[in-house]
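As structure tokens, the structure follows; a few thoughts come after it.
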Amino acid sequence: MTLARRNALGTMRPSDLLIPTPAGLWCPPADVYIDPVRPVARALITHGHSDHARAGHGAVLATRETLAIMALRCGEGFTAQRQEAVPGETVRIGPVDFTFVPAGHVLGSAQIVVESGGLRIVASGDYKRERDPTCAGFEPVPCDIFITEATFGLPVFRHPPAHAEVGKLLDSVRLFPERTHIVGAYSLGKAQRVMALIREAGYDRPLHLHGAMEKLTEFYLSEGAKLGEVRKVVAAERKTLGGEIVICPPSAIQDLWARKFPDPVTSFASGWMRIRARARQKGVELPLIVSDHADWDDLQATIRETGAGEIWVTHGEADALVHWCTSVGLRAKPLHLVGYGDEGEADAVAEGADAVAV
Amino acid sequence: MNRFAWLLDRLAYEPRRNAKLALIADYLRSTPDPDRGLALAAMTGGLAFPNAKAGLVRALIAERTDPVLFALSYDYVGDLSETVALMWPARRGANDVPHLPDVVEGLRSVGKTELPRLVASWLDALDETGRWALLKLITGSLRIGVSARLAKTAAASLGGIPADEVEQVWHGLEPPYATLFAWLEGRAPRPEATDPAPFRPVMLSHPIEDGDFEKMNPAEFQAEWKWDGIRVQAVTGTRPDGERVTRLFSRTGEDIAAAFPDVVEALTQDGTLDGELLVRREAAVQSFNSLQQRLNRKSVTSKMLLEHPAHIRAYDLLVDGEDDLRELPLSARRTRLEAFVARLASPVVDLSPPIAFSDWESLAAARADPAAAGAGADAEAVEGCMIKRLDSPYLPGRPKGHWWKWKREARLVDCVLMYAQRGHGKRSSFYSDFTFGVWRVGEGGADELVPVGKAYFGFTDEELVELDRYVRKHTLNRFGPVREVTHTRDSGLVFEVAFEGLQRSTRHKSGVAMRFPRISRIRWDKPPLEADRIEALEALLPPNG
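Chains as they are written, first to last, in numbering that gives the first Met the number 0: chain A, 0 to 357; chain B, 0 to 544.
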């Protein structure tokens, strides 16, 4: 590995290149922020989940898909100026090179490689390693410093294969052919992945969708996701959907909305479903452990693959992952970034704003 | 073992009572003896494994995992069995999956030195759900939302009979309950209830609500003080050989007699008393704090007997000698009770006196000032009134329209959130245990907050989500599982805390300890500066308490 040598010879110190601030990770020489939680002049966005992709920045650099998702969710005016980052191509801002590389988290998600003065830092955003038919897979990038999330950074989180979890859902549909199966899934990424996995398992009946997920699902379809026939749930027809699968935002599974289906089976697709209390807190009868984040083993494997000698942990269960890094001889520190984990799986909190419509 | 694990797993995720009943009944119907009886015993708390303890499980996982990672994981998951089940290094196919009867027999009979290796070999062979079920069995509390009563109700449904009929024979039975199942399936006669001192399901009350009084004629009711102790059923009976048996059951049927020899020796008459267990010293009932010193102990020291003497204040009689009185009206049971307590003639058993009242207004006045309304020196241990229909039979469970409780108004104080800790069980992984404080003058003369209590309920699930988020966003410091939350004069979160009583305490920096504190309102609107001061609490302390 030549990186360590380059680092040793380089003039750039890590804290000159990226530092945590209350607004997010800041790159002083380029004056850009990665996934800022407050409005800034220039932002680089890893993916479209609302805690990473916020409206109101002066300029946004992100992948084509992420820009489109931001426009769908926040309106076309989400930023004054947008620039498309093509995966694998380098964009130079001041003395710093930025390269977007697929992160395997949701459609359009990317890691951001930040390189200057012989020092390479990879800000990975949120990522997973398991195969996902709806987005490009994670590509490890050798680096000096790897910045990782730790949403599932505890050794109790080992995700079983997602296709087996979806198999549990289809088994239950066969077992209770008169009941509606209501599957809570985050509306960006998880919902479409679950639908794609259902199709891969050979289920060919129409899938029924909560209105709040319609726009994003249409976008996935237009990008070529194989989701089969998808129908929006019409409130008046809920009584007729016995035996069908309905996908809705997590917050809707406990709503009155969900109670109007025939004897519903409440299901939820999330990495949190590994913890029984989490499932019970949400009244989930059929937990599906399907996550769009790396589990404990994949976090470790990824850290090793990057060859990085130093690890920064942004959010999630940072203490445990930092402890593990230290125990295998890697330098590591938690950044304690605040403001992430308000959407998607990084928090058990449902995406309230998306779930208002029926 | 896999089938048993499957049952527990399904029950744990099933929120609906009727569906739980159906799951258990299906299992009992379709599973052979002795497996089903052992499962029933596990669900009713009928299995005890003296050598298999949580400590054994902790030792096994400590040998196999990093202690820091284990501690962080346990803190997160909030359940020992589940944490170990998830962290256990998988060795699938290492051994054969054990059968439930072999597991129960092994846990019962294998010695302390051999048991860890045996348990480890089972854990190696099982999958995550199987490991979880096995560890639940070992640590003794299943926590799957199934009470003993519910499991017995499901068993009773096999014979199409009410659960009370199973309760009546229950204490004469032993796991794996082959005679019970034979009776329920119509293959054998009803088992003899041979226990001379059985537990009988307790009758519970409903909280009274505003509209209730309009429908209630005061002349048809009796009122008593609601004592701040623990509900007990004191049962004495005689075996055929003449030996006398006395048991002291908690309201869930747990026998706590071993820790209370001072009251057990006073129960010299055959019968079943319903009453409150209290500590009484120098002719006055002591605070719950004092009783707490005696609770959750397997035995008791003579010092404790002297300092915290136990007492039963009786309010009902279920059985008098051989006579089951439960179908008689309360007024008739009360007459028998008075005679029974007189026969005991013991200073540690007395009658809970009726409250004199002519209408609901006068009962309200008594409830507002128990000391003046007959409770006298015991008034500090009164937490409200009980209102009981004079014609009420003694019914198991919480029947409607017979007994009500009318608690005293809680005291309220505005406190500032200072620390938060993750919860366990239902609230696992959320910051849900809150330590809060009030203002006082600090040593330097400036105001400071001093912790006065800790509460982990009183808020809704939605509020919990908001509180959890608030804690994460306002963390100042982390001390292991505890987070210090911003609490300055201008920035912080105010809770309106409700509590039942206040005692002086040397264990708390503030010098006071709250009884039964809970969050009554979250004052998102109120600046911390406007929270209460310690003087407001000190004014509520009993004069010499």
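All C-beta atoms in this analysis are idealised placements derived from N, C-alpha and C, irrespective of residue type, glycine included.
Neighbour flag for residue i against chain B, beta carbons, 9 Å
| i | result |
| --- | --- |
| A/E316 | yes |
| A/A347 | Since pLDDT at A/A347 reaches only 35, below the 50 mark, its modelled position is unreliable, and no value is offered. |
| A/L153 | yes |
| A/S326 | yes |
| A/L17 | no |
| A/G338 | yes |
| A/W256 | no |
| A/F99 | no |
| A/W311 | no |
| A/T45 | no |
| A/H292 | no |
| A/R330 | no |
Pick from the options that is closest to residue i, judged by C-alpha positions
| i | options | result |
| --- | --- | --- |
| A/S290 | A/Q191, A/C26, A/L60 and A/A300 | A/Q191 |
| B/K472 | B/E461, B/D322 and B/V484 | B/V484 |
| A/D254 | B/G510, B/S504 and B/E461 | B/E461 |
| A/P21 | A/R72, A/L196, A/M11 and A/P38 | A/P38 |
| A/V172 | A/V264, A/G227, A/K214 and A/E148 | A/V264 |
| B/V347 | B/M385, B/S80 and B/L266 | B/L266 |
| B/Q291 | B/P308, B/S301 and B/R342 | B/P308 |
| B/L203 | B/R388, B/F458, B/S330 and B/L79 | B/R388 |
| B/L528 | B/V231, B/D446, B/V168 and B/T434 | B/D446 |
| A/A278 | B/F429, B/H486, B/V496 and B/F456 | B/F429 |
| B/S351 | B/A380, B/L324 and B/A367 | B/A380 |
| A/G23 | A/M11, A/L298, A/D15 and A/L43 | A/L43 |
| A/T150 | B/H98, B/P161, B/Y176 and B/S72 | B/S72 |
| A/H162 | A/A200, A/D143, A/C134 and A/I252 | A/A200 |
| A/R275 | B/A21, B/A153, B/T152 and B/E81 | B/E81 |
| B/A222 | B/S301, B/Q232, B/V234 and B/I207 | B/I207 |
| A/F175 | A/E129, A/G241 and A/I120 | A/G241 |
Cutoff 9 Å: residue i Cβ touching any chain A Cβ
| i | result |
| --- | --- |
| B/V76 | yes |
| B/R460 | Here the sequence assigns Asp to residue 460 of chain B, which means Arg is not the residue at that position. For B/D460, the answer is yes, since a Cβ of chain A falls inside 9 Å of its Cβ. |
| B/E13 | yes |
| B/L203 | no |
| B/L125 | no |
| B/P90 | According to the sequence provided, residue 90 of chain B is Arg. The question's Pro does not apply to it. Cβ-Cβ to chain A under 9 Å: no for B/R90. |
| B/M0 | no |
| B/K472 | yes |
| B/R397 | no |
| B/S427 | yes |
| B/E483 | no |
| B/T82 | yes |
| B/L85 | yes |
| B/G129 | no |
| B/G139 | no |
| B/G144 | yes |
| B/G544 | In this prediction, B/G544 has a pLDDT of 42, which is less than 50 and means its spatial position is unreliable; what the coordinates show is noted afterwards. Not an interface residue. |
Whole-number beta carbon distance between residue j and residue i, since they are thought to touch under 8 Å
| i | j | result |
| --- | --- | --- |
| A/G87 | A/T98 | 7 Å |
| B/V340 | B/D531 | The pair is not a contact, with the Cβ atoms about 44 Å apart (cut-off 8 Å). |
| B/L55 | B/V145 | With 8 Å as the limit, B/L55 and B/V145 do not qualify as a contact, their Cβ atoms being about 24 Å apart. |
| A/L287 | A/V312 | With a Cβ gap of about 27 Å, A/L287 and A/V312 do not count as contacting. |
| A/A257 | A/V182 | With 8 Å as the limit, A/A257 and A/V182 do not qualify as a contact, their Cβ atoms being about 11 Å apart. |
| B/F212 | B/W359 | 5 Å |
| B/H486 | B/L448 | 6 Å |
| B/A58 | B/P115 | 7 Å |
| A/V232 | A/L208 | 6 Å |
Residues from the stretch 62-75 of chain A in contact with chain B, defined by Cβ distance under 8 Å: Within the stretch 62-75 of chain A, no residue has a Cβ that lies closer than 8 Å to any Cβ of chain B.
Cβ contact (3+ pairs, closer than 8 Å) linking the stretch 48-67 of chain A and the stretch 91-110 of chain A: With the cut-off at 8 Å, the stretch 48-67 of chain A and the stretch 91-110 of chain A touch.
Residues within the stretch 46-72 of chain B neighbouring chain A, beta-carbon criterion of under 9 Å: Taken in chain order, the members of the stretch 46-72 of chain B whose beta-carbon sits within less than 9 Å of a beta-carbon on chain A are T64, D65, V67, L68, F69, L71 and S72.
Sufficient close CB pairs (3 or more, under 8 Å) joining the stretch 50-62 of chain B to the stretch 135-146 of chain B: Yes, they touch.
Contact between the stretch 487-499 of chain B and the stretch 414-423 of chain B (3+ Cβ pairs under 8 Å): Judged by Cβ distances under 8 Å, the stretch 487-499 of chain B makes contact with the stretch 414-423 of chain B, as three or more pairs qualify.
Chain B contacts made by the stretch 274-288 of chain A, where a contact means CB separation under 8 Å: Per Cβ criterion, the list reads I274, R275, A276, R277, A278, R279, Q280, G282, V283, E284, L285 and P286.
Stretch pair the stretch 21-41 of chain B + the stretch 100-111 of chain B: three plus CB contacts closer than 8 Å: Result yes; three or more Cβ-Cβ pairs closer than 8 Å.
Residues from the stretch 209-220 of chain B in contact with chain A, defined by Cβ distance under 9 Å: Within the stretch 209-220 of chain B, no residue has a Cβ that lies closer than 9 Å to any Cβ of chain A.
The stretch 155-169 of chain A / the stretch 303-310 of chain A touching (three or more Cβ pairs under 8 Å): These segments do not touch.
Stretch pair the stretch 164-171 of chain B + the stretch 25-33 of chain B: three plus CB contacts closer than 8 Å: Fewer than three Cβ pairs drawn from the stretch 164-171 of chain B and the stretch 25-33 of chain B lie within less than 8 Å of each other, which leaves the two stretches out of contact.
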